[in-house]
Amino acid sequence: MDFDKVLDVAFREVGRGERNGSPTHIVRGSRIYHTTQADLWSAATEKERLRRWFGDVSGDLTFGGRFSIQGNADGDIVTCDPPKSLAVTWEFGGTTSWVRATIEEADDGVILTIEHELPTDTKSEEHWDKYGPGAVGVGWELWLLQLNMHLCSGGKPSTEAAAAWIETPQGKVAMQAMAEAWGNAHIVAGSPAKIAEGMAERTAKFYTGQA
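Using this note's numbering, read the sequence shown as starting at -2 and increasing by one per residue.
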């Protein structure tokens, strides 16, 4: 699987929101997939396919259900509108955030947009102040990349190949570029360049094993 040929996401955005009267950070990214809404929805919501590119997901993957990702997050499914949108709570490390996925038709396939909304409690802000949007942005980009390879390979598993690619010089360069791109998006959103660049540098070191 040649990951270097399918790296780019179509769009990155950093913003602010509000939830339950408290401010939030919003990290949003999207990319185009050359498939149908129905196929992408299947890849994103069926346990057997999720295991091939995302992780081992258990639980009830329907509206009102609760899921668990082995070694990662747990949460509740709060919106489920096949094949267009899915929203979940994201409970990880003692903190709850919120993730929404939308699938829209495009001229040459479909656009998948992931929006991750982060709280601003003290613990969450300490993490944001260190890594900024790249912490979740790069993580989602890697998953979106694995999804693309899963789709491009006719449904074959992509997680092991991705894990191996991440350890290569090319993979590390790509993750550095992803972190820098999220830093640039943060600057566009109004963050001082020096602060955003420092966050991006720490994110890159984390993902490339230099932290």
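Beta carbons: idealized from backbone N, C-alpha and C, even for Gly.
Rounded to whole angstroms, A161 and P130 show a C-alpha spacing of 25 Å. As computed with DSSP, F89 is found in a beta bridge with T92. For F203, the uninterrupted alpha helix (DSSP H) segment begins and ends at 190 to 204. Contact between A193 and H183 holds, with the beta-carbon distance rounding to 4 Å and staying under 8 Å. When rounded, the separation of the alpha-carbon atoms in V24 and W140 is 15 Å. By the Cβ neighbour-count rule, P116 is buried, with 16 or more other Cβ atoms within 10 Å of its own. With a threshold of 16 other beta carbon atoms within 10 Å, N17 falls short and is exposed. Ranked by Cα distance from G56, the options E138, I74, S39, R46 are led by I74. Spatial neighbours of A190 in its own chain (CB-CB distance under 6 Å, excluding positions within 5 residues in sequence) are listed in chain order as I184. Rounded to the nearest whole angstrom, the CA to CA distance from Q167 to A41 is 27 Å.
Taking the C-beta atoms as reference points, K81 is found no nearer than 9 Å to I108.
Just so you know, the alpha carbons of E123 and R199 end up roughly 13 Å apart. In the DSSP annotation of this structure, the continuous segment of the alpha helix (DSSP H) that includes L47 starts and ends at 44 to 50.
Rounded to the nearest whole angstrom, the C-alpha separation of E43 and G52 is 11 Å. Assigned with DSSP and collapsed to three states, T33 falls in coil, not helix or strand.
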